[in-house]
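Asks: Under the working numbering, think of the first position of the sequence shown as 15, with each following residue one higher. Below is a structure I'd like to ask you about.
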Amino acid sequence: LSKNLKVYTYGIKNKEAKIRPDKIKLEISLLGKFNIYNSLAAVCVAQSLGLTLRKTLKILKSIKEIPGRMELVIEKPFKVFVDYAHTPDALEKVYKTLGKGLICVFGSCGGGRDKWKRPEIGKIAERYCNKIILTNEDPYDEEPKNIINNIA
15 LSKNLKVYTY
25 GIKNKEAKIR
35 PDKIKLEISL
45 LGKFNIYNSL
55 AAVCVAQSLG
65 LTLRKTLKIL
75 KSIKEIPGRM
85 ELVIEKPFKV
95 FVDYAHTPDA
105 LEKVYKTLGK
115 GLICVFGSCG
125 GGRDKWKRPE
135 IGKIAERYCN
145 KIILTNEDPY
155 DEEPKNIINN
165 IA
């Protein structure tokens, strides 16, 4: 790398990373380890743009929730979260964050698109969810039963 480039490193466990949650005293209300990583990346970007660490941390702390991203929409008698996760990796991160006893409702496998991810999403849901409810979202010209069978 050029000696003129400033390199920003971040991580949670990597003690060599310059930006770590414990080192910068990161406080966020967003759920999930992936949101910690995203926040650390945001700190790097902000610093590269000249924002102070103090200002950046204040902004991150002020973010209460992002609509459709681990959004708590009902708290009682049980918690209901909405998340836009629509790839196997993203869905697994959501399920890992929420833990056990999940009733999972999803339908992000619309007709004619992303057929490759259907079996993967089904396997992930089977590992983490106590119950799985598939919606009939956007089947387009594809038979809804085929979509369900691909997931199951």
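We put the CB at the ideal spot given by N, CA and C, even for glycine. What you are looking at is a predicted structure, and each value in this text was computed from that prediction instead of being measured.
(1) With three or more beta-carbon pairs closer than 8 Å as the criterion, would you say the segment 105-118 touches the segment 72-80?
(2) Considering only the alpha carbon of each residue, which of 51, 53, 28 and 165 lies closest to residue 134?
(3) Could you compute how far the alpha carbon of residue 55 sits from the alpha carbon of residue 132?
(4) Alpha carbon to alpha carbon, what distance is there between residue 36 and residue 28?
(5) Starting from residue 48, trace the beta strand (DSSP E) both ways and give me its first and last residue.
(6) Please report how far the alpha carbon of residue 105 lies from the alpha carbon of residue 163, in whole angstroms.
(7) Considering only C-alpha positions, which residue in the set 109, 148, 89 and 57 is nearest to residue 141?
(8) Tell me, please, which residues DSSP counts as bridged to residue 168.
(9) Just to confirm before moving on: does the CB-CB distance between residue 126 and residue 84 stay below 8 Å?
(10) Taking the Cβ atom as the reference point for each residue, do residue 24 and residue 62 lie within a distance shorter than 8 Å?
(11) For residue 134, report the span of its alpha helix (DSSP H) as first-last.
(12) Once DSSP output is grouped into helix, strand and coil, what is the label at residue 114?
Replies: So, from the listed chains and residues:
(1) no
(2) 165
(3) Computed Cα separation, rounded: 30 Å.
(4) For residue 28 and residue 36, the distance between alpha carbons rounds to 11 Å.
(5) Not the beta strand (DSSP E): residue 48 falls in the alpha helix (DSSP H), residues 47-62.
(6) 19 Å
(7) 109
(8) Shown here, the chain extends from 15 to 166; a query on residue 168 therefore has no answer.
(9) no
(10) Not closer than 8 Å, so no.
(11) Unbroken alpha helix (DSSP H) run through residue 134: 131-142.
(12) coil
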